[in-house]
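Just so we're aligned, residue 1 is where the sequence shown starts under our numbering, counting upward by one.
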Amino acid sequence: MQIAGKVVVVTGGGNGIGQALCEAFHKAGAAKVVVADLDQARAEAVAASIGGAAFKCDVANEADIKHVIEETERQFGPIDLFCSNAGIGGGFDPMAENAGGASDEPFMKSWMIHVMAHVYAARHLVPRYRARGGGYFLNTISAAGLLSQVGSPAYSATKHGAVGFAESLAIAHKAHNIRVSILCPQGVDTNMLRSIPKGPQSADGDLTAEQVAKDALQGIEQETFLILPHPQVIDYMRKKTENYDRWIGGMAKIQAKLRETFGGKA
C-alpha cells in the first residue's frame, strides 16, 4: 500500500511511536491523518502540527474505537489504514516470586489494551473493508510477542495474544484483500521504555521512534506481515523454535542476572 492520498488512523498517536507514525504518514502524503489518544491535548497538538484531526480515545473501550471509526469516515471518507498502536508498559518486576502472583488488574488492563483494542478495530472495520474491496491494519505489538518480556508476565502474555489475533485476522481476510502488518521492535526510546529499568529489550540498542516509523512505512509499502525494526529478532525466533528448552534456559539466566542487578537472589 502506498500512503499518498490515504486516510489513516493512529491510536496512541499523541506520543512515542504513535506520534512518529503520524508524522511519517503525513510526510508520505496521506490525505488525512487522524490522531487518536487518551490524552486529548497531546492528540490535538500532534494533529495541529501535521494538519490532521484529533479524537480522544480509550482503546480499552469499544465504544470509543467505534466512534473514532465512524466519525473519521463521516468527516474524511473511508479509512484506508488503521494503526492499532496504543500500548502500556507496567508490571515490570524481575523480583516477583510468582509469575502469576500479581492481581487480576494488570493482566486485565494489558489484555484490554494489547489484545481487545485490536479486536474492536477489526470488529468495526472488517465489514467496511470487505464492502469496499479491502483495507489495511497495522498493529503495533513488540518483539515480546514473538519472544518474551523477562520480568513482565502480563506484558509478555498479552503481546503474544496480539500476535495470535493478528495472524488470525490476516489468514481469515487475505481473500478479502485485507492486509495486516505487525510492528515488533525491541527497545524504542520512548516514555514507556524510560519508565522501566534497563533490561534485555535494550540489549541490541534502543531505536528512535522515528526510525521505527520509517521501518513501519516501508513494511506497509511492501505489505509485509512481520515488520522487525531490530533485524536480530528473526535470529532469536529461529533459536527459540530450534530448541525451546535451550531457549528457556537462556532466558532464565537473563532473569537471574536481572534479579542480581536489583539486589535479590537468582
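Think of the CB as a built atom: it goes at the ideal place given N, C-alpha and C, for glycine as much as any other residue. From a predicted model like this one, the values you see are computed outputs, not experimental measurements.
Using the rule of at least 16 other Cβ atoms within 10 Å of the residue's Cβ for burial, across every protein chain shown, is residue i buried or exposed?
i    : result
Q267 : As displayed, the chain neither begins before 1 nor continues past 266, which places residue 267 out of reach and without an answer.
I48  : In the sequence on display, residue 48 carries Ala and not Ile. Classification of A48: exposed, given that the 10 Å Cβ count is below 16.
G12  : buried
E221 : exposed
D64  : buried
I234 : exposed
R238 : exposed
I171 : exposed
N177 : exposed
K253 : exposed
G52  : buried
D93  : buried
P285 : Residue 285 lies beyond the range of the chain shown here (1 to 266); nothing can be said about it.
P127 : exposed
I248 : exposed
N243 : exposed
T72  : buried
A175 : exposed
Sort the options by Cα distance to residue i and report the nearest one.
i    : options                : result
Q186 : R74, L147, R259, H173  : L147
S84  : A99, I17, A31          : I17
R42  : G14, T190, Q222        : G14
K257 : G151, V59, T190        : G151
V212 : I141, I79, E73         : I141
A4   : A28, G135, F55         : A28
V10  : E23, M1, K214          : E23
Q2   : R259, K240, R179, A20  : R179
K6   : G134, D39, K56         : G134
G145 : G164, Y136, Y129       : G164
I227 : E242, A166, Q255       : A166
W111 : T158, T208, L169       : T158
P78  : N243, A131, M251       : A131
Q255 : E44, A96, A216         : A96
D215 : S156, M251, K174, C184 : C184
At a Cβ threshold of 9 Å, is residue i touching chain C?
i    : result
P231 : No chain C appears in this structure, which consists of one protein chain only.
Whose C-beta lies closer than 6 Å to the C-beta of residue i among residues of the same chain, with five residues either side of it excluded?
i    : result
V8   : F25, A30, V33, L81
P153 : A99
F55  : A36, V68
K109 : none
D270 : There is no way to answer for residue 270, as the model of the chain reaches only from 1 to 266.
N139 : S84, H118, A166, I182
Q40  : K56
A20  : A209, E210, A213
E44  : A54
Near residue i, what residues of its chain come up, given a Cβ to Cβ distance below 7 Å and the 5 sequence neighbours on each side ignored?
i    : result
T224 : S181
I113 : V59, A60, A86, G87, I88
H160 : G145
I50  : C22, E23, H26, V33
Leaving out five residues before and five after residue i in sequence, what residues of the same chain have Cβ atoms less than 8 Å from its Cβ?
i    : result
A117 : T11, V59, A60, I65, S84, A86
A120 : The sequence shown places Tyr at residue 120, not Ala. Closer than 8 Å at Cβ, skipping near neighbours: V59, E62, I65, K66.
Q75  : A53
S168 : none
May I ask you to check if the CB of residue i is nearer than 8 Å to at least one heavy atom of the ligand FMN?
i   : result
E73 : The ligand FMN is not among the ligands present in this structure, which contains no ligands whatsoever.
Worksheet item: Hey, which unbroken runs of the alpha helix (DSSP H) at 4 residues or more fall wholly within the region 58 to 93?
Response: The qualifying runs are 62 to 76.
Worksheet item: Enumerated in chain order, which unbroken segments of the beta strand (DSSP E) with a length of 3 residues or greater are wholly contained in the region 152 to 225?
Response: If we require 3 residues or more, the beta strand (DSSP E) runs fully inside the region 152 to 225 come out as 178 to 183.
Item to complete: Taking only runs that begin and end inside the region 96 to 135, name each unbroken alpha helix (DSSP H) of 4 or more residues, in chain order.
Response: 104 to 111, 117 to 131
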